[in-house]
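For what it's worth, this note's numbering labels the leading residue of the sequence shown as 618, then goes sequentially.
Report on the structure given below.
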Amino acid sequence: MHTVDQLEHALRLAERLGFRIRQEWLGGSGGGACEFGGQRWLFVDLALSAVEQLDQVIQAVSDDPALGLIPVHPSLRRLLARRQAA
């Protein structure tokens, strides 16, 4: 599966886990997960490559306790397993 397709699957996964997604041009200096206003947000930096954006999303969702309760695309499951093993 291509990286852009994986990124799209990862963003949908983050939404299913309750993240609100913002894709913004942050100049390569930011992004990631945060919580404010009682909402979980994931800021994806459009200045980064697709691989780096995918890493931002995987990093944000990898520790979510609900991750084991919802279906995850097999290619994402492998990325998440690598992240959790590191």
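Just so you know, even glycine gets a beta-carbon here, dropped at the ideal spot from N, CA and C.
- Excluding its 5 nearest sequence neighbours in each direction, residue 701 has C-beta neighbours in its own chain below 7 angstroms: 679, listed in chain order.
- DSSP, reduced to helix, strand and coil, places residue 661 within a strand of the structure shown.
- Take the alpha-carbon of residue 642 and the one of residue 659: they are about 13 angstroms apart.
- Closest in C-alpha terms to residue 652, from the list 644, 662, 646 and 638, comes 638.
- Across the structure, residue 645 and residue 683 are spaced so that their CA atoms are roughly 29 angstroms apart.
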